[in-house]
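Peer 1: Attaching a single structure in C-alpha cells format; questions to follow.
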Amino acid sequence: MAQPVRKAVFPVAGLGTRFLPATKIIPKEMIPVVDKPVIQYAVEEALAAGIEHFIFVTSDGKESIAAHFAEHAELEKTLKARGKATELSLVQAATLPSGSVHTVLQPEPLGLGHAVWCAREFVGDEPFAVLLPDDMVLSKTPCLKQLIDAHADVGGHVVAVEDVPSEKTNRYGILDVLSETGRLAKAKGLVEKPAPDVAPSTLAIIGRYVLDASVFRALDNHTRGAGGEIQLTDALNSTLADQSFHGLRFEGARYDCGNQVGFVEANVAFALSNPEMSEKLKPLLRALLNHH
Ligand code: G1P
Numbered sequence: 019m020a021q022p023v024r025k026a027v028f029p030v031a032g033l034g035t036r037f038l039p040a041t042k043i044i045p046k047e048m049i050p051v052v053d054k055p056v057i058q059y060a061v062e063e064a065l066a067a068g069i070e071h072f073i074f075v076t077s078d079g080k081e082s083i084a085a086h087f088a089e090h091a092e093l094e095k096t097l098k099a100r101g102k103a104t105e106l107s108l109v110q111a112a113t114l115p116s117g118s119v120h121t122v123l124q125p126e127p128l129g130l131g132h133a134v135w136c137a138r139e140f141v142g143d144e145p146f147a148v149l150l151p152d153d154m155v156l157s158k159t160p161c162l163k164q165l166i167d168a169h170a171d172v173g174g175h176v177v178a179v180e181d182v183p184s185e186k187t188n189r190y191g192i193l194d195v196l197s198e199t200g201r202l203a204k205a206k207g208l209v210e211k212p213a214p215d216v217a218p219s220t221l222a223i224i225g226r227y228v229l230d231a232s233v234f235r236a237l238d239n240h241t242r243g244a245g246g247e248i249q250l251t252d253a254l255n256s257t258l259a260d261q262s263f264h265g266l267r268f269e270g271a272r273y274d275c276g277n278q279v280g281f282v283e284a285n286v287a288f289a290l291s292n293p294e295m296s297e298k299l300k301p302l303l304r305a306l307l308n309h310h
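19 is the number of the first residue of the sequence shown in our numbering; add one for each residue after it.
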C-alpha cells in the first residue's frame, strides 16, 4: 500500500519572459485565466486531490503568489459589512489554511529539477506531487486525483502523459515505454526534449507528477542535461533501477499556458466550460471568426 500524498510542490520561480511586458511586475502565475489567476487552478486541483501542504518554489519579486492564498482579514471584514456574500466566498475560496503554505526560494534559474530539489526539506521522505501551473487541465476528475489514485495501486513515480505530434517531442520529457495496461504506460527510460528522430515514443510528460522521494537523492548530483539545465526527467530516469515509473493517460484536456497562443486558447476553453458564460460567448466567437 502506497503512502498517502499530502504535499505538493509548485515550481513558480520563472521570469515569465514570454509574457513581457505583462510580467514585468506581476508574476506570470498571477495573470488570470477567465476569473482566477493561473496558480489558483493548480492549487484548487491539488486541494481537490487531498493535498494538505502547498510548497511554492519562488524567486525574488514573486511574493504575491503566496500572499494570494493568505487570509485577507481587512477585505473580508469590508465585504461582510457590505453584505457581499458572493464576493466574500470568492475571497475565502482563495484562502488556504494558515500553516499549509510554504515558500522556498530558488536562488538561480537552474532548471525544473533544481526547483523541485529546493523543496526537499519541506517534503522529507514521503511521496509528493509536483504541479506545473502552466499546464492547465479541464477534466471531470481533477488530473492530480487521477494520478494519486493510480499511485495508490502501483506506487513508485506516476506522471500524467499524453501523445504529442512527433515534431513536438523536443518540447517534452518523453517515455521509453516498456508495456501498457489500460491507461497506464510503464516506462523503462525517459528522455528530456529528444529530437523527433531519436525520441523513443511520442508519449510526453505533462506538468503533473506524483513522485517517490528517492528522486531528491538523484537530484543531489545537480547533473546538467538538455539546455544546460538540471532536469527533473533525467533525475527520474536515473532512479528507474529501483523505482517503477508509470505514465497515466489521464482523462481530460490539457492547455499549455506557457505561450501566448496557448494562453488565449485556455481562456476560451475555460470560459466555454462555464455554461452561463458559454451561452453568451459562443455567438461572439462565431461573429469574430466570420470577420477574420
Ligand atoms: C517541463 C519538463 C518536461 C515536461 C514539461 C511539461 O518542461 O522538463 O519534461 O514534459 O515541463 O509541460 P518545460 O515546459 O518547463 O520546458
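For every residue, glycine included, the Cβ atom is placed at its ideal position computed from N, Cα and C.
In whole angstroms, give me the CA-to-CA distance for residue 227 and residue 159.
Peer 2: Each residue's alpha carbon lies about 16 Å from the other.
Peer 1: Are the stretch 62–82 and the stretch 99–108 in contact at 8 Å, needing three or more beta carbon pairs?
Peer 2: Contact between the stretch 62–82 and the stretch 99–108 is absent, because fewer than three Cβ pairs lie under 8 Å.
Peer 1: What do you get for residue 58, buried or exposed, if any count of 16 or more other CB atoms within 10 angstroms of its CB means buried?
Peer 2: Looking at its Cβ environment, which holds 16 or more other Cβ atoms inside 10 Å, residue 58 is buried.
Peer 1: Would you decide whether residue 71 is buried or exposed? Buried here means 16 or more other CB atoms lie within 10 Å of its CB.
Peer 2: That one is buried.
Peer 1: Expressed to the nearest angstrom, what Euclidean distance is found between the alpha-carbon atoms of residue 278 and residue 121?
Peer 2: Rounded to whole angstroms, residue 278 to residue 121 spans 27 Å at the Cα level.
Peer 1: Check this for me: beta carbons of residue 295 and residue 52, under 9 Å apart or not?
Peer 2: Yes, they are a contact pair.
Peer 1: As a quick exercise: from 48, 306, 127, 153, pick the residue whose alpha carbon is nearest that of residue 224.
Peer 2: Selected option, being the one with the closest Cα: 153.
Peer 1: Going by the CB atoms, is the gap between residue 282 and residue 221 shorter than 9 Å?
Peer 2: The answer is no: Cβ separation not under 9 Å.
Peer 1: Residue 124: beta carbon under 8 Å from a heavy atom of the ligand G1P?
Peer 2: No, Cβ of residue 124 sits at least 8 Å from all heavy atoms of the ligand G1P.
Peer 1: Residues in its own chain within less than 8 Å of residue 124 by CB, not counting five upstream and five downstream?
Peer 2: Only 29, 31, 75, 76, 77, 132, 133, 136 meet the Cβ criterion.
Peer 1: Measure from the C-beta of residue 53 to each C-beta in chain C and report whether the shortest distance is under 9 Å.
Peer 2: Annotation note: the requested chain C is absent from the structure, which comprises a single protein chain.
Peer 1: Please give the ranges of any alpha helix (DSSP H) in the stretch 253–292, keeping only runs that are unbroken, at least 4 residues long and fully inside the region.
Peer 2: Correct list: 278–290.
Peer 1: Opposite residue 180 in the DSSP bridges: which residues?
Peer 2: Answer by DSSP bridge pairing, in chain order: 222.
Peer 1: Inspect the beta-carbon positions of residue 128 and residue 149 and report whether they are closer than 9 Å.
Peer 2: No, the Cβ-Cβ distance between residue 128 and residue 149 is not below 9 Å.
Peer 1: Measuring straight from C-alpha to C-alpha, what distance separates residue 307 and residue 37?
Peer 2: About 25 Å.
Peer 1: Pull up the CB-CB distance for residue 25 and residue 140, whole angstroms please, since I reckon it's below 8 Å.
Peer 2: Residue 25 to residue 140, Cβ: 7 Å. Contact.
Peer 1: From the DSSP secondary-structure annotation, give me the bridge partner or partners of residue 210.
Peer 2: Partner(s): 191.
Peer 1: Which residues in the same chain have their Cβ closer than 7 Å to the Cβ of residue 242, if we skip the five residues on either side of it in sequence?
Peer 2: Excluding residues within five positions, the ones whose Cβ falls inside 7 Å are 248.
Peer 1: What does the alpha-carbon distance come out to for the pair residue 171 and residue 90?
Peer 2: Computed Cα separation, rounded: 40 Å.
Peer 1: If we call anything under 9 Å between Cβ atoms a contact, is residue 231 one with residue 146?
Peer 2: A contact, by the Cβ cut-off of 9 Å.
Peer 1: At a threshold of 8 Å, does residue 210 count as lining the ligand G1P (C-beta to nearest heavy atom)?
Peer 2: Yes - the ligand G1P has a heavy atom lying nearer than 8 Å to the Cβ of residue 210.
Peer 1: Can you tell me the Cα-Cα spacing of residue 169 and residue 126, whole angstroms?
Peer 2: About 32 Å.
Peer 1: Does the beta-carbon distance from residue 265 to residue 274 come in below 9 Å?
Peer 2: No, the Cβ-Cβ distance between residue 265 and residue 274 is not below 9 Å.
Peer 1: Where do the N-terminal and C-terminal ends of the alpha helix (DSSP H) with residue 74 fall, by residue?
Peer 2: Not the alpha helix (DSSP H): residue 74 falls in the beta strand (DSSP E), residues 71–76.
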